[in-house]
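Asker:
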Amino acid sequence: MAGSVNKVILVGNLGKDPEIRSLNNGDRVANLSLATSETWRDKSSGERKEKTEWHRVVIFNDNIVKVCENYLKKGSTVYVEGSLQTRKYEQNGVEKYTTEVVIQRFNGNLTMLGGRGDGASSGGGRSDDDYGFSGGPAPKSSGPKESYDLNDDIPF
Numbered sequence: 638m639a640g641s642v643n644k645v646i647l648v649g650n651l652g653k654d655p656e657i658r659s660l661n662n663g664d665r666v667a668n669l670s671l672a673t674s675e676t677w678r679d680k681s682s683g684e685r686k687e688k689t690e691w692h693r694v695v696i697f698n699d700n701i702v703k704v705c706e707n708y709l710k711k712g713s714t715v716y717v718e719g720s721l722q723t724r725k726y727e728q729n730g731v732e733k734y735t736t737e738v739v740i741q742r743f744n745g746n747l748t749m750l751g752g753r754g755d756g757a758s759s760g761g762g763r764s765d766d767d768y769g770f771s772g773g774p775a776p777k778s779s780g781p782k783e784s785y786d787l788n789d790d791i792p793f
């Protein structure tokens, strides 16, 4: 195989407020607990069923960490784009593994979805090709609209 792709896209709700930590070198990291759910109707009983999967999301991008810290809370709906990484750690002398969705400094995306009622405003995410907020649509002007004559004589 010539190449491979490690890309994860999730849309879900936060199960708790973001956890913001500082590393020894001063960099900040955000940890999110993201729930994705699917629902279906059981063919035999007609009963509605639901299955929820929980995902760990780790964010190393400082601008996205600031968005998480200031705007996200439990219940917020977010779009997350990152890569899967499995790491090994030791707990009480036992080796354990965890798989996480990771948003690195220059790779990945987090976009807040939903309305103001769930703590997230429209837009406001960040991707690897811009350096700040990619806010929603531009605010509409409440002033008078100007009319431009597009049939004027242009010398070129």
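Just so we're on the same page, my numbering is the position in the sequence shown counted from 1, plus 637.
Every residue gets a Cβ at the ideal spot worked out from N, C-alpha and C, and that includes glycine.
Computed from a predicted model, the values in this text were never measured in an experiment.
N698 and R658 - do their beta-carbons sit closer together than 8 Å?
Answerer: In this structure, R658 sits away from N698, with a CB-CB distance that is not shorter than 8 Å.
Asker: Could you tell me the distance, in whole angstroms, from the CA atom of Y794 to the CA atom of H692?
Answerer: Outside the displayed span of the chain (638 to 793) sits residue 794, for which this structure offers no information.
Asker: Report yes or no: do the segment 672-682 and the segment 703-715 share at least 3 C-beta pairs separated by less than 8 Å?
Answerer: The segment 672-682 is not in contact with the segment 703-715.
Asker: Could you give the C-beta distance for N650 and A667, rounded to a whole number, given that I count them as a contact under 8 Å?
Answerer: Not really, about 16 Å apart at Cβ, beyond 8 Å.
Asker: Kindly indicate the opening and closing residues of the alpha helix (DSSP H) around K703.
Answerer: Per DSSP, K703 is one residue of the alpha helix (DSSP H) stretching across 699-708.
Asker: Rounded to whole angstroms, what is the Cα-Cα separation between T714 and I646?
Answerer: The alpha-carbon atoms of T714 and I646 are separated by roughly 13 Å.
Asker: Could you give the distance in angstroms between the alpha-carbon of E684 and the alpha-carbon of E718?
Answerer: 33 Å
Asker: Given that a residue counts as buried once 16 or more other Cβ atoms are within 10 Å of its Cβ, and exposed if not, what is T735?
Answerer: exposed
Asker: Kindly indicate the opening and closing residues of the beta strand (DSSP E) around E737.
Answerer: E737 -> beta strand (DSSP E) spans 731-740.
Asker: Run through the segment 664-704 for me and flag every whole beta strand (DSSP E) of 3 or more residues, listed as ranges in chain order.
Answerer: 665-678, 685-696
Asker: Are Q722 and V739 close, meaning C-beta to C-beta below 8 Å?
Answerer: yes
Asker: Apart from the five residues just before and just after E690, which ones in its own chain have a Cβ nearer than 6 Å to its Cβ?
Answerer: T673
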